[in-house]
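*Asks:* I'd like to ask you about the structure that follows.
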Amino acid sequence: MTRVKVCGITIVNDAVLSAEAGADALGFIFAPVSRRLVSPAVARQAGLSVGPGPARVGVFMNQALDEVLRTAEAARVSAVQVHGPVSSLYVQAISGYYPVLRVLRPADLAAEADVWTDVPGVTLMLDAPEPGGGIPLDWAALKAAFPRGAWLAGGLGPANVAEAIRHLRPAGVDAVSRLEAQAGVKEPAAVQAFIRAAKTA
Ligand SMILES: O=C(O)c1ccccc1NCC(=O)[C@H](O)[C@H](O)COP(=O)(O)O
80 MTRVKVCGIT IVNDAVLSAE AGADALGFIF APVSRRLVSP AVARQAGLSV
130 GPGPARVGVF MNQALDEVLR TAEAARVSAV QVHGPVSSLY VQAISGYYPV
180 LRVLRPADLA AEADVWTDVP GVTLMLDAPE PGGGIPLDWA ALKAAFPRGA
230 WLAGGLGPAN VAEAIRHLRP AGVDAVSRLE AQAGVKEPAA VQAFIRAAKT
280 A
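Positions 80 to 280 (this note's numbering) are the ones given, in order, by the sequence shown.
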């Protein structure tokens, strides 16, 4: 069954409702450029409030390694998601502490996907060039190159996630924009419908 990550949690109650709806992972964005920036303290409280079930993923973009590790520790996340043009050494260093979701854009696939094939602790995620922008990828065009075991993000929501899964059979799916009432605030019905659609695809 496809695993489901609900990203951009900024409110403890949204973590709880996502977990109750069956989310496998919750995303907490620590990249200062994001409209869904959350503090490590709130992420930590959210993690404590959902019990042992869902993974808690700290999301970072172009941030120094020590900042990533300090923030992840303060927030008590269980995995780290890495966006941006960082080196493979940087990703490997994080994977010594946390399972890593390494985010690639379709344009990066040819150069970087093979680097991470069968590397323990690193899972690929394909996302649109603008993270959190709500723009879907061209699933048909990606089909031949989509790495086995990779996750998919980019403009997914209740209305299109089943179709995306049928095209690419990702190991997991991730979404934010189409699950929100406003930036950083979840729309409960959309979260529930997204998880249901992904799990039954
Ligand atoms: O969502 C953001 O604001 C964001 C900003 C900077 C780095 C990452 C960010 N989001 C990470 C995610 O994993 C999103 O869920 C993913 O990009 C999909 O977003 P959407 O297309 O809006 O569903």
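By construction, the Cβ of each residue, glycine as well, lies at the ideal position given by its N, Cα and C atoms.
Can you tell me whether DSSP reads Arg-82 as helix, strand or coil?
*Replies:* The answer is strand: DSSP assigns Arg-82 an E or B state.
*Asks:* Under 6 Å: does the beta carbon of Asp-145 sit that close to some heavy atom of ligand 1?
*Replies:* Checking every heavy atom of ligand 1 against the Cβ of Asp-145, none is found closer than 6 Å.
*Asks:* Is any non-hydrogen atom of ligand 1 found closer than 6 Å to the C-beta of Ser-113, if you look at the structure I gave you?
*Replies:* Yes; taking the cut-off as 6 Å, the Cβ of Ser-113 has a heavy atom of ligand 1 nearer than that.
*Asks:* Three or more C-beta pairs closer than 8 Å, one from the stretch 139-155 and one from the stretch 262-278: is that the case here?
*Replies:* Touching, no, given that fewer than three Cβ pairs across the two stretches are closer than 8 Å.
*Asks:* For the stretch 180-263, which segments carrying the alpha helix (DSSP H) assignment without a break, of at least 4 residues, lie completely within its bounds, in sequence order?
*Replies:* The stretch 180-263 contains these whole alpha helix (DSSP H) runs: 188-191, 218-221, 240-247.
*Asks:* So, Thr-202 versus Leu-216, is the Cβ gap smaller than 7 Å?
*Replies:* Contact: no.
*Asks:* On the three-state DSSP scale, how would you describe Gln-171?
*Replies:* Helix, per DSSP.
*Asks:* Taking 6 Å as the cut-off, does the CB of Pro-185 come closer than this to any heavy atom belonging to ligand 1?
*Replies:* Checking every heavy atom of ligand 1 against the Cβ of Pro-185, none is found closer than 6 Å.
*Asks:* Please classify Val-112: is it buried, with 16 or more other beta-carbons within 10 angstroms of its beta-carbon, or exposed?
*Replies:* Exposed, since its Cβ has fewer than 16 Cβ neighbours within 10 Å.
*Asks:* Answer with buried or exposed for Gly-106, where buried requires no fewer than 16 other C-beta atoms within 10 angstroms of its C-beta.
*Replies:* Answer is buried; the Cβ neighbour count reaches 16.
*Asks:* Mind checking whether Val-240 and Ala-276 have CB atoms under 7 Å apart?
*Replies:* For Val-240 and Ala-276, yes; Cβs fall inside 7 Å.
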